[in-house]
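**Q** Quick note: the sequence shown uses my numbering, first residue 10, plus one each step.
Idealized CB from N, CA, C, for every residue including glycine.
Questions regarding the structure given below will be posed in turn.
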Amino acid sequence: MKPFPYGHATHPQWPMAAALVLAQLRAQMALRGHASAPTLGLLYITDHYAGAAQEILDHLSAELREVTDWSGGVGVGIASNNVEYFDEPGMAVMLCEIPSHHYRVFSGVAPLGVGEGMGFEPHTALVHADASTPDLAELIAEMAARTATGYLFGGLVSGRGEPVQFAVGGNGNIKGHGAAGGVFRGGLSGVAFGEEVSLVSRVTQGCQPVAPQRIITGCDGHVLTELDGEPALDVLLGDLGISLEQPQAAMTRLRATLVGLTEAGSDAVGRTGNFGADVTVRHIIGLDPVRRGVAIAQQVTPGMRMAFCQRDVQAARADLMRVCAEIREELEPEEMPQPVAASLESPPALRASRPASRIAGAVYISCAGRGGPHFGGPSAELQIVRHALGDVPLVGFFAGGEIARHNLYGYTGVLTVFRSASD
């Protein structure tokens with residue numbers, strides 16, 4: 010795959026923002042070595058434009074007639090390379106040049122696997138979902154089961170109004186949509202990719218363990234009663250080095266503490282000392298002095314693994330840098346030509362200004378509770394990604410919940426890159 014054209018803009022009037030985005034897309038499509046015949050468009054808008062979602066989609070579809078398939082949604086913020094538009098009008102588009110038989114757009118009225126032909130088998134999927142959908146966690150797990158790898162990436166569309174999703178396949182309508190215009194409310198939508206589309210994806214939890222891994226040996230619904238055979242509250246106080254006899258200091262530390270959970274048999278803390286994608290981070294919602302228990306925002310069962318952790322600016326930056334480094338490491342060839350090796354030895358500022366030759370494009374879904382302030386300043390989160398990956402085509406949005414594998418997360422970031430044809 011060649012580098013995907015992408016564009017982003019902000020303007021009080023959406024037609025002006027669309028014009029700016031289209032100018033960027035057309036300029037890049039004319040560049041030598043860039044994708045010039047895209048088929049799939051990824052469209053993200055902030056909730057300031059949500060009321061004009063259908064008009065925006067119709068306009069872009071008319072202006073980019075070669076793009077027959079669209080997917081995306083609305084967020085309180087959107088992301089692109091090195092910038093975020095949060096709580097302001099914004100639009101971001103990326104055009105993917107992928108053979109049409111290597112992917113399928115799906116939605117609630119045209120589910121994945123219904124009416125499929127040509128032997129298409131989904132291996133991974135980009136998923137957008139509405140948080141108000143009943144049994145959402147079960148639907149996400151069911152969607153993951155429909156893919157060969159069980160891997161999903163995406164998030165819950167978000168906004169102060171009614172969140173919408175975009176899903177258009179095959180010249181304006183997916184089979185089964187009838188007269189639908191491609192703008193949907195509720196349920197799930199997205200794009201499933203075949204094995205020919207090579208992806209690398211990582212999850213950043215934005216927090217780091219502050220204590221050893223423990224095994225849940227006693228629990229009652231949401232309440233941890235025993236960890237490694239000891240009263241859970243005593244373990245928590247000991248791990249944090251605090252005492253309830255100094256309540257003010259203890260509460261300050263407890264408010265910043267969370268719990269990283271995994272199923273029985275899986276490690277909560279990996280060899281690197283960080284959380285992996287199997288870990289779900291949940292809040293501590295109360296203490297039970299009578300039973301010496303700790304209440305958390307998820308039901309648990311004996312045998313599950315857990316570790317207490319904390320989330321702050323330093324932890325968030327360090328964990329995001331870690332996942333970016335893991336992606337770079339996976340993309341780098343074992344043996345590089347001398348000019349490439351020389352470029353990697355150049356100063357970081359110069360290295361970051363060069364496009365990453367092994368990435369055609371990227372999608373970044375982050376939590377609406379993260380964003381620039383959580384990383385120390387406006388667009389700081391996206392600047393970290395750019396510094397690590399270079400000037401790669403990137404779009405995404407700030408979600409009400411993030412999806413990776415078959416899990417629904419909170420306060421995380423999901424970074425997924427499309428490998429270029431050179432891989």
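Which of the three DSSP states is assigned to Met313 in this structure?
**A** As a working note, residue 313 is residue 304 in the sequence shown. In this structure, Met313 counts as coil in the three-state DSSP scheme.
**Q** If contacts are defined as beta-carbon pairs under 8 Å, then Thr234 and Gly302 qualify, I think. What distance do you get, rounded to the angstrom?
**A** Reading the sequence shown from its first residue, position 225 is the one you call residue 234. Reading the sequence shown from its first residue, position 293 is the one you call residue 302. With a Cβ gap of about 5 Å, Thr234 and Gly302 count as contacting.
**Q** Can you tell which of Asn416, Gly269, Val404 and Met260 has its C-alpha closest to the C-alpha of Gly99?
**A** Position 90 of the sequence shown, counted from the first residue, corresponds to residue 99. The shortest C-alpha separation from Gly99 is found at Val404.
**Q** Buried or exposed: where does Glu390 fall if 16 or more other Cβ atoms within 10 Å of its Cβ makes it buried?
**A** Residue 390 sits at position 381 when you count from the first residue of the sequence shown. Flag for Glu390 reads buried.
**Q** Identify every residue that forms a DSSP beta bridge with Met100.
**A** Position 91 of the sequence shown, counting from 1, holds the residue named residue 100. Beta-bridge pairing links Met100 to Ala18 and Ile54.
**Q** Assuming the contact rule is C-beta atoms closer than 8 Å, Arg367 and Arg428 should be a hit. Round their C-beta distance to whole Å, please.
**A** For the purposes of this step, residue 367 is taken as residue 358 along the sequence shown, with counting starting at 1. For the purposes of this step, residue 428 is taken as residue 419 along the sequence shown, with counting starting at 1. Sure, about 6 Å apart at Cβ, within 8 Å.
**Q** Per the DSSP calculation, Ala371 is bridged to which residue(s)?
**A** By 1-based counting over the sequence shown, the position of residue 371 is 362. Leu403 and Val426, per the DSSP bridge assignment.
**Q** Start and end of the alpha helix (DSSP H) containing Glu338?
**A** For the purposes of this step, residue 338 is identified with residue 329 of the sequence shown, where counting begins at 1. First-last of the alpha helix (DSSP H) with Glu338: Val322 to Leu340.
**Q** On a CA-only basis, which of Gly419, Leu398 and Cys376 is nearest Glu93? Give me that one, please.
**A** Within the sequence shown, numbered from 1, the residue matching residue 93 stands at position 84. It is Cys376 whose Cα lies nearest to the Cα of Glu93.
**Q** Would you check if the distance between the CB atom of His137 and the CB atom of Val206 is smaller than 7 Å?
**A** What you label residue 137 is simply residue 128 of the sequence shown in a count that begins at 1. What you label residue 206 is simply residue 197 of the sequence shown in a count that begins at 1. Cβ distance not < 7 Å, so His137 and Val206 don't count as in contact.
**Q** For Val299, is the classification buried or exposed, using 16 other Cβ atoms within 10 angstroms of its Cβ as the cut-off for buried?
**A** Looking up residue 299 in the sequence shown gives position 290. Answer is exposed; the Cβ neighbour count stays below 16.
**Q** Is DSSP giving Thr261 helix, strand or coil here?
**A** Along the sequence shown, read from residue 1 onward, the residue named residue 261 stands at position 252. The answer is helix: DSSP assigns Thr261 an H, G or I state.
**Q** Taking the C-alpha atoms as reference points, what is the distance between Ala325 and Val209?
**A** For this step, residue 325 is matched to residue 316 along the sequence shown. For this step, residue 209 is matched to residue 200 along the sequence shown. Near 20 Å, if we compare the C-alpha coordinates of Val209 and Ala325.
**Q** Report the rounded CA-to-CA distance for Ser198 versus Thr158, giving the unit in angstroms.
**A** Locating residue 198 in the sequence shown gives position 189, counting from the first residue. Locating residue 158 in the sequence shown gives position 149, counting from the first residue. If you take the alpha carbons of Ser198 and Thr158, they lie about 18 Å apart.
**Q** Using 8 Å as the cut-off, can you tell me whether the stretch 167 to 178 makes contact with the stretch 76 to 84, which would need three or more C-beta pairs spanning the two stretches below that distance?
**A** Taking 8 Å as the limit for Cβ pairs, the verdict is that the stretch 76 to 84 does touch the stretch 167 to 178.
**Q** Could you tell me which residues DSSP pairs with Leu161 in its beta bridges?
**A** Indexing the sequence shown from 1 puts residue 161 at position 152. In the DSSP output, where bridge partners are listed per residue, Leu161 has Ala134.
**Q** Pick from Leu40, Gly163, Leu29 and Cys228: whose alpha carbon is nearest that of Val212?
**A** Here residue 212 refers to the residue found at position 203 when the sequence shown is read from its first residue. When only C-alpha atoms are compared, the closest one is Gly163.
**Q** List the whole-angstrom C-beta distance separating Asp56 from Arg169, where the pair is believed to meet the contact cut-off of C-beta under 8 Å.
**A** Mapped onto the sequence shown, residue 56 falls at position 47. Mapped onto the sequence shown, residue 169 falls at position 160. Between Arg169 and Asp56 the Cβ distance is about 5 Å, and since that is below 8 Å, they are a contact.
**Q** Can you name the start and end residues of the beta strand (DSSP E) that Gln174 belongs to?
**A** By one-based count along the sequence shown, residue 174 stands at place 165. Residues Gln174 to Val177.
**Q** If you run the structure through DSSP and keep just helix, strand and coil, what is Phe384?
**A** For the purposes of this step, residue 384 is identified with residue 375 of the sequence shown, where counting begins at 1. Correct three-state label for Phe384: helix.
**Q** Just to check my reading of the structure: Leu267 and Cys216 have Cβ atoms closer than 8 Å, yes? What is that Cβ distance to the nearest angstrom?
**A** Reading the sequence shown from its first residue, position 258 is the one you call residue 267. Reading the sequence shown from its first residue, position 207 is the one you call residue 216. Contact holds; Cβ gap of about 6 Å.
**Q** Bridge partners for Ser210 per DSSP, in chain order?
**A** One-based indexing of the sequence shown puts residue 210 at position 201. DSSP output for Ser210 lists Thr425 as bridge partner(s).
**Q** Using the beta-carbon count (16 or more within 10 Å), is Pro311 buried or exposed?
**A** For the purposes of this step, residue 311 is identified with residue 302 of the sequence shown, where counting begins at 1. Exposed.
**Q** Rounding to the nearest angstrom, what Cα-Cα distance links Pro221 and Ile393 in this structure?
**A** Locating residue 221 in the sequence shown gives position 212, counting from the first residue. Locating residue 393 in the sequence shown gives position 384, counting from the first residue. Roughly 28 Å between the two C-alpha positions.
**Q** Thinking just about the alpha-carbon of each residue, which of Ile412, Ala153, Gly385 and Glu339 is nearest to the one in Ala426?
**A** In the sequence shown, counting from the first residue as 1, residue 426 sits at position 417. In the sequence under discussion, the amino acid at residue 426 is Val, which differs from the Ala named in the question. Val426 has its Cα closest to that of Glu339, out of Ile412, Ala153, Gly385 and Glu339.
**Q** Cβ of Pro298 within 6 Å of any heavy atom in the ligand PLP?
**A** Absent from the structure shown: the ligand PLP. Ligands present: none.
**Q** As a quick exercise: from Val102, Leu66, Glu75 and Arg264, pick the residue whose alpha carbon is nearest that of Asn90.
**A** Along the sequence shown, one-based indexing puts residue 90 at 81. Ranking Val102, Leu66, Glu75 and Arg264 by Cα distance to Asn90 puts Val102 first.
**Q** How far does the alpha helix (DSSP H) with His68 in it extend, from its first residue to its last?
**A** As a first step, residue 68 must be located in the sequence shown, where it is residue number 59. Note, His68: alpha helix (DSSP H), Ala62 to Glu72.
**Q** Quick check on Glu411: buried or exposed, where buried means 16 or more other Cβ atoms within 10 Å of its Cβ?
**A** Residue 411 sits at position 402 when you count from the first residue of the sequence shown. Its Cβ being crowded by 16 or more others within 10 Å, Glu411 is buried.
**Q** Does DSSP put Tyr418 in a helix, a strand or coil?
**A** Against the sequence shown, residue 418 aligns to sequence position 409. If DSSP states are grouped into helix, strand and coil, Tyr418 belongs with the strands.
**Q** Among residues of its own chain, excluding the 5 on either side of Arg155, which ones have a beta-carbon nearer than 7 Å to its beta-carbon?
**A** The residue labelled residue 155 in the question sits at position 146 within the sequence shown. Here the set comprises Leu121, Gly122 and Pro131.
**Q** Run through the DSSP bridge pairs and tell me what Arg223 is partnered with.
**A** Locating residue 223 in the sequence shown gives position 214, counting from the first residue. Met315, per the DSSP bridge assignment.
**Q** What is the rounded straight-line gap between the Cα of Gly16 and the Cα of Gly250?
**A** Position 7 of the sequence shown, counted from the start, is the residue given in the question as residue 16. Position 241 of the sequence shown, counted from the start, is the residue given in the question as residue 250. Distance between the alpha carbons of Gly16 and Gly250: 49 Å.
**Q** On the CB-based measure, 16 or more other CB atoms within 10 Å of its CB, does Pro24 come out buried or exposed?
**A** Position 15 of the sequence shown holds residue 24. Answer is exposed; the Cβ neighbour count stays below 16.
**Q** Taking its Cβ as the centre, do 16 or more other Cβ atoms sit within 10 Å of Ala334, making it buried, or is it exposed?
**A** Here the question's residue 334 lines up with position 325 in the sequence shown. So Ala334 counts as exposed.
**Q** Could you give the DSSP three-state label for Ser252: helix, strand or coil?
**A** Here residue 252 refers to the residue found at position 243 when the sequence shown is read from its first residue. The answer is coil: DSSP assigns Ser252 none of H, G, I, E or B.
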